[in-house]
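Take the sequence shown: its position 19, counted from the start at 1, is 48 in the working numbering, and no numbers get skipped. Everything on this sheet refers to the single structure shown next.
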Amino acid sequence: MTKVVTKLRHLRLQAAAKRGTPLPMQEVANATGMLISRINYLELGKFERIDTRELLALSAFYSQQLDKLVDIADILSFDEQRETPLAV
Numbered sequence: 030m031t032k033v034v035t036k037l038r039h040l041r042l043q044a045a046a047k048r049g050t051p052l053p054m055q056e057v058a059n060a061t062g063m064l065i066s067r068i069n070y071l072e073l074g075k076f077e078r079i080d081t082r083e084l085l086a087l088s089a090f091y092s093q094q095l096d097k098l099v100d101i102a103d104i105l106s107f108d109e110q111r112e113t114p115l116a117v
């Protein structure tokens, strides 16, 4: 069975490294209009579905933070070898 793999934690750490200060989940939540618990679940891969609006908000936020286009392929990928979700 194919599982969706989230790369959101990696993106948040990349953005923190680029700006030289930590990027708390709360800041991501505030900027995207999402709950911090939802950000956490998405980063950990503990979700059954992800809304298009969530993907667009995360893409816009990380595109701005990293000064490059962040699209869905930068946020999610598929792992056909794993049977449980994997957070990167």
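Positions of the beta carbon are idealized from the N, C-alpha and C atoms, including for glycine.
Just so you know, the alpha carbons of Leu64 and Gln110 end up roughly 31 Å apart. Taking all protein chains shown into account, Glu72 has 16 or more neighbouring C-beta atoms within 10 Å of its C-beta and is therefore buried.
Judged by DSSP secondary structure, Asp108 falls within the beta strand (DSSP E) whose first and last residues are Leu105 to Asp108. For Ser92, same chain residues with a beta-carbon under 6 Å away, outside a window of 5 residues either side, are Leu98 and Val99 in chain order.
Annotation for Thr81: no residue places its beta carbon closer than 8 Å to its own, counting only its chain and skipping 5 residues before and after. Each of Ala58, Lys75, Phe76 and Asp96 was checked against the Cα of Leu87, and the nearest Cα belongs to Ala58. Each residue's CA atom was taken as its position, placing Ile104 and Phe90 some 12 Å apart. Under a 10 Å Cβ-count criterion, Thr61 is classified as buried, with 16 or more other Cβ atoms of the shown protein chains found around its own Cβ.
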